[in-house]
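Residue numbers (the working numbering): 92 to 247. Written out below as structure tokens is the structure these notes cover.
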């Protein structure tokens, strides 16, 4: 999908995040838990650490059973493009940005946009808290899967 893209890593892996950006999970943990129906990073695994994929739930075709909550909770990349949700040099969107940010890439303006989007996604946690009994992880599974895919705690 993206070829010959090169970036500089200027921060230590998994450190020196913007103070307003505090994801719950690492990209490796997210991939292991089951995100994006297993259809993510399939053709660019060599860009990221090999151990991220040791236990990752990856598939050549979208498979909702690979999602942590076993439910579809993603829109196609074409929809993301149509909606204007793809920013900068990350053609797969927010999670690709997060993977690169986690590794140490920093692009000031892009990082501000993506962190702002991440923070806005927290509204889904509020909806779960307002509409679900504490401990009922089967309530609003789609929103919970979405929270996981944005590195928020879906088990609230």
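We put the beta carbon where it would ideally sit given N, CA and C, even for glycine. Small disclaimer: the values here were computed from a predicted structure and weren't measured.
- Our two residues, residue 143 and residue 110, have alpha carbons roughly 25 Å apart in a direct line.
- Of all C-beta pairs linking the segment 232-240 to the segment 197-215, three or more are shorter than 8 Å, placing the two stretches in contact.
- When 137, 162, 95 are compared, the shortest CA-CA separation from residue 232 is found for 162.
- Of all C-beta pairs linking the segment 145-164 to the segment 117-129, three or more are shorter than 8 Å, placing the two stretches in contact.
- Between residue 101 and residue 165, the CB-CB gap reaches or exceeds 7 Å.
- Of the residues 103, 176, 97, the one whose Cα lies closest to the Cα of residue 194 is 103.
- By the beta-carbon neighbour count (other beta carbons within 10 angstroms, threshold 16), residue 242 is buried.
- Taking a 10 Å sphere around the C-beta of residue 230, we find fewer than 16 other C-beta atoms and assign the residue as exposed.
- In the structure shown, residue 122 adopts helical secondary structure according to DSSP, grouped into three states.
- The three-state secondary structure of residue 157, taken from DSSP, is helix.
- With respect to residue 190, residue 114 sits apart: the two C-beta atoms are not nearer than 7 Å.
- Your pair residue 93 and residue 182 checks out as a contact, with CB atoms roughly 5 Å apart and the cut at 8 Å.
- If the five residues before and after residue 132 are omitted, its C-beta is found closer than 7 Å to the C-beta atoms of 139, all from its own chain and listed in chain order.
- Listed in chain order, the alpha helix (DSSP H) runs fully inside the segment 197-234 are 199-212, 214-222, counting runs of at least 4 residues.
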